[in-house]
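Per the working numbering, the sequence shown starts with residue 15, numbered consecutively.
We treat Cβ as the ideally placed atom computed from N, Cα and C, and that holds for glycine.
Note that the coordinates shown come from a computational prediction; the quantities given were computed from them, not determined experimentally.
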Amino acid sequence: MFPEGTLYTTRFADMHKSCPCCGQIFEPEVGYYYGAMYVSFGFNVAIFLVSLFVLYQFVEEVTMAMMIGVIAVTVVGFLPVIFRLSRAVWIHIFIRYEGPCKEISENAAA
């Protein structure tokens, strides 16, 4: 779906400018990925709930400091994954995937 198997270059938030296969620009307008914050929020809420569920399952007496600590460590640990995944989900919501490069080339020729 993405060049070299990913939407991103090797740096944390740097993205390729466009798809080498179909030419789709990955940032159609300035501020396009602001909406990805809502997707990220949803992922973080899911992580909060799972973290607290696991904490309550394995710890007998849970304190507020323990909850905050576990959630903070979990969210910071998953930050790179959530950041990239939320952007990929956001672009997927608005831009249709046309298939592998081979299929796009065949459809364009037909």
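| field | Residues of its chain near isoleucine 61, where Cβ-Cβ distance is below 7 Å and the 5 sequence neighbours each way are ignored | value | The residue labelled residue 61 in the question sits at position 47 within the sequence shown. Taking C-beta separations shorter than 7 Å and ignoring five residues to either side along the sequence, the partners of isoleucine 61 in its chain run Thr88, Val89 and Phe92, following chain order.
| As assigned by DSSP and simplified to three states, the class of isoleucine 109 | As a first step, residue 109 is located in the sequence shown; it is residue number 95 there, counting from the start. Here isoleucine 109 carries a coil assignment [DSSP, helix/strand/coil].
| task | Would you decide whether serine 32 is buried or exposed? Buried here means 16 or more other CB atoms lie within 10 Å of its CB. | result | Position 18 of the sequence shown holds residue 32. Looking at its Cβ environment, which holds fewer than 16 other Cβ atoms inside 10 Å, serine 32 is exposed.
| said: Rounding to the nearest angstrom, what Cα-Cα distance links alanine 102 and proline 114 in this structure? | reply: Here residue 102 is taken as the residue at index 88 of the sequence shown, counted from 1. Here residue 114 is taken as the residue at index 100 of the sequence shown, counted from 1. Alanine 102 and proline 114 have their C-alpha atoms spaced approximately 17 Å apart.
| request: Confirm, please, whether the CB-CB distance from valine 84 to serine 65 is below 8 Å. | output: Translated into the one-based positions of the sequence shown, residue 65 becomes position 51. Translated into the one-based positions of the sequence shown, residue 84 becomes position 70. Cβ atoms of serine 65 and valine 84: closer than 8 Å.
| Exposed unless 16 or more other CB atoms sit within 10 angstroms - verdict on alanine 79 | Looking up residue 79 in the sequence shown gives position 65. Of the residues assessed, alanine 79 falls on the exposed side of the cut-off, its CB having fewer than 16 other CB atoms within 10 angstroms.
| said: Restricting to Cα atoms, I'd like to know which of Met81, Val59 and Gln38 is closest to tyrosine 111. | reply: As a first step, residue 111 is located in the sequence shown; it is residue number 97 there, counting from the start. Out of Met81, Val59 and Gln38, Gln38 has the C-alpha closest to the C-alpha of tyrosine 111.
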